[in-house]
Ligand SMILES: [Zn+2]
């Protein structure tokens with residue numbers, strides 16, 4: 015049994031908490047994950063110490079803060095949802111299935127968004143935040159018009175994350191609000207009280223066809239001067255690809271590179287139309303691609319993440335907004351990612367041949383095709399790799415707040431799971447359950463930025479049961495009614 019000398023060290027704060035569980039998920043996408051008995055010390059907003067030890071060592075540890083034995087509970091990092099627009103929860107179901115036929119962003123969202131007021135954004139984003147928290151998301155990368163109002167919704171609900179006020183000057187509802195959104199970005203940058211709660215700014219250019227060259231250059235300068243991350247939609251639609259060719263004679267990614275914007279630490283979301291030569295200009299050291307499978311299934315089609323892997327560009331999994339997903343839990347996206355190595359077979363030329371002939375030969379060819387792709391991408395289905403796409407890969411996007419990992423120095427965004435719940439039974443592979451199953455009802459505790467959200471043990475019920483949620487829902491209802499009347 016290892017000694018645990020650091021547990022005996024004087025605690026820096028009476029408010030520190032020492033959690034011990036027989037099942038704590040440690041590690042990240044580089045080391046792999048392991049489930050061990052460990053004590054996790056939280057002080058303020060951070061994890062300050064992690065020591066693998068048994069219960070006896072924990073019980074004998076002298077500690078002046080609060081000690082909590084949570085054995086029987088699995089302790090994990092909270093999920094990180096690295097691309098969303100929380101306020102767009104208000105558009106869920108709007109336009110029906112038919113609106114996804116062409117470009118839903120330009121055909122519907124831009125029109126409605128011209129009527130959305132700042133106070134609406136805060137009220138609607140609160141609802142998206144509640145849904146996110148309930149899904150175990152402690153950190154989001156938010157991108158929307160109304161930056162300071164968004165940050166208000168984070169404060170109202172306890173969510174942490176990076177807020178990127180949307181910047182656009184060529185097309186879209188943000189054109190008239192550009193100065194306002196720049197100001198919101200700088201206000202967030204100077205707001206140390208928000209930073210203390212885990213709410214930080216990022217730069218939020220909308221997309222390559224709605225942002226001009228001079229604005230991209232201004233964004234690149236601001237990223238460099240203030241050490242800000244850039245978070246944008248890139249190559250998300252055929253219209254964007256066409257416009258880049260018509261205006262600049264190159265692809266969106268190549269044009270972006272020519273503006274200098276790719277010199278920044280950059281999260282490029284969707285990448286549906288990214289070619290091999292586009293991928294070659296990305297630098298794995300500072301660029302990360304965002305894959306939002308259930309959203310892309312609705313508004314376009316899933317990006318070819320196999321080519322992203324081949325190019326060696328890191329990628330994460332996120333939900334995008336409720337209007338095109340329709341749920342805010344990134345954990346459910348992982349099963350789709352795992353299944354990508356099988357699903358391509360359904361639309362292969364081998365399937366076409368078999369469909370026409372029904373012959374035994376073509377059936378065997380079809381199965382052989384499935385085996386080839388299945389065997390070529392075993393890592394896609396590995397629970398460690400899947401969970402890394404919603405934990406440590408998005409959690410290391412911006413050094414201002416390391417998340418998605420239980421390690422000293424990381425922010426204390428944690429979840430506790432009741433492993434006696436039937437969704438975990440028989441409990442011999444909890445990581446697989448977290449990646450593949452539907453364990454949401456077993457989520458019973460959540461800490462964000464070192465503070466428990468709701469009541470530990472009854473987190474999901476208490477989150478929605480304390481009156482604040484009803485108040486938020488009632489305001490959002492009234493504002494949505496009024497918005498719909500204005501459209
Ligand atoms: Zn988006």
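Numbering (my numbering), first residue to last: 15 to 501. All residues carry an ideal CB built from backbone N, CA and C; glycine is no exception.
Our contact map puts residue i next to residue j with C-beta atoms below 8 angstroms; I'd like the distance itself, whole angstroms only.
i	j	result
residue 344	residue 151	7 angstroms
residue 97	residue 352	Not confirmed; about 20 angstroms, so no contact.
residue 448	residue 90	7 angstroms
residue 325	residue 294	7 angstroms
residue 472	residue 88	Residue 472 to residue 88, Cβ: 17 angstroms. No contact.
residue 92	residue 454	Wrong, their Cβ atoms sit about 13 angstroms apart, outside the cutoff.
Whose C-beta lies closer than 8 angstroms to the C-beta of residue i among residues of the same chain, with five residues either side of it excluded?
i	result
residue 181	188, 192, 195, 196, 199, 217, 218, 219, 220, 225, 229, 233
residue 446	397
residue 500	129
residue 122	105, 108, 109, 113
residue 390	355
residue 384	356, 359
Run the CB neighbour count on residue i, radius 10 Å, all protein chains shown included, and call it buried at 16 or more, exposed below.
i	result
residue 339	buried
residue 15	Because the pLDDT at residue 15 is just 38, under 50, the model does not fix this residue reliably, and the value given afterwards should be weighed accordingly. Per the 10 Å Cβ criterion, exposed.
residue 403	buried
residue 315	exposed
residue 251	buried
residue 24	Here the model assigns residue 24 a pLDDT of 41, short of 50, so the residue's position is not dependable, and the following value carries that caveat. Exposed.
residue 369	exposed
residue 179	buried
residue 48	exposed
residue 45	exposed
residue 307	buried
residue 392	exposed
residue 76	exposed
residue 481	exposed
residue 223	buried
residue 37	buried
residue 378	exposed
residue 371	exposed
residue 73	exposed
residue 21	Model confidence at residue 21 stands at a pLDDT of 45, short of 50, so the residue's coordinates are unreliable; what they give is reported in the following sentence. Buried: at least 16 other Cβ atoms inside 10 Å.
Cα separation between residue i and residue j?
i	j	result
residue 132	residue 160	5 angstroms
residue 272	residue 210	36 angstroms
residue 125	residue 337	14 angstroms
residue 395	residue 497	43 angstroms
residue 311	residue 264	26 angstroms
residue 186	residue 330	27 angstroms
residue 112	residue 459	39 angstroms
residue 153	residue 238	24 angstroms
residue 486	residue 334	22 angstroms
residue 407	residue 418	8 angstroms
residue 292	residue 266	9 angstroms
residue 466	residue 422	19 angstroms
residue 409	residue 116	33 angstroms
residue 58	residue 64	15 angstroms
residue 69	residue 33	11 angstroms
residue 127	residue 387	42 angstroms
residue 53	residue 66	6 angstroms
residue 484	residue 289	47 angstroms
residue 494	residue 100	14 angstroms
residue 143	residue 248	25 angstroms
residue 158	residue 382	46 angstroms
residue 327	residue 479	43 angstroms
residue 414	residue 41	20 angstroms
residue 231	residue 118	28 angstroms
residue 341	residue 374	41 angstroms
residue 297	residue 204	30 angstroms
residue 184	residue 411	28 angstroms
residue 305	residue 286	9 angstroms
Grab me the residues of residue i's own chain with a C-beta within less than 7 angstroms of its C-beta, minus the 5 sequence neighbours each way, in chain order.
i	result
residue 13	With the chain represented from 15 up to 501, any question about residue 13 goes unanswered, as that position is not in the structure.
residue 165	177, 202, 208, 213
residue 488	none
Suppose the cutoff is 6 angstroms on Cβ atoms and the five residues either side in sequence are ignored; what does the same chain contact list for residue i look like?
i	result
residue 424	61, 416
residue 168	213
residue 469	476
residue 276	270
residue 462	152, 172, 174, 427
residue 349	450
residue 268	none
residue 464	56, 58, 59, 426
State yes or no: is the C-beta of residue i nearer than 7 angstroms to some heavy atom of ligand 3?
i	result
residue 334	The model depicted lacks ligand 3 and carries ligand 1 instead.
Would you check if there are 3 or more beta carbon pairs closer than 8 angstroms linking the stretch 316-325 to the stretch 78-92? no
Are the stretch 138-152 and the stretch 102-110 touching by the rule of at least three beta carbon pairs closer than 8 angstroms? yes
Would you call the stretch 258-268 and the stretch 234-245 in contact, with 3 or more CB pairs under 8 angstroms? no
Give a yes or no on contact between the stretch 295-304 and the stretch 272-285, applying the rule of three or more CB pairs nearer than 8 angstroms. yes
Please determine if the stretch 435-445 and the stretch 359-369 are in contact, where contact requires at least 3 C-beta pairs separated by less than 8 angstroms. no
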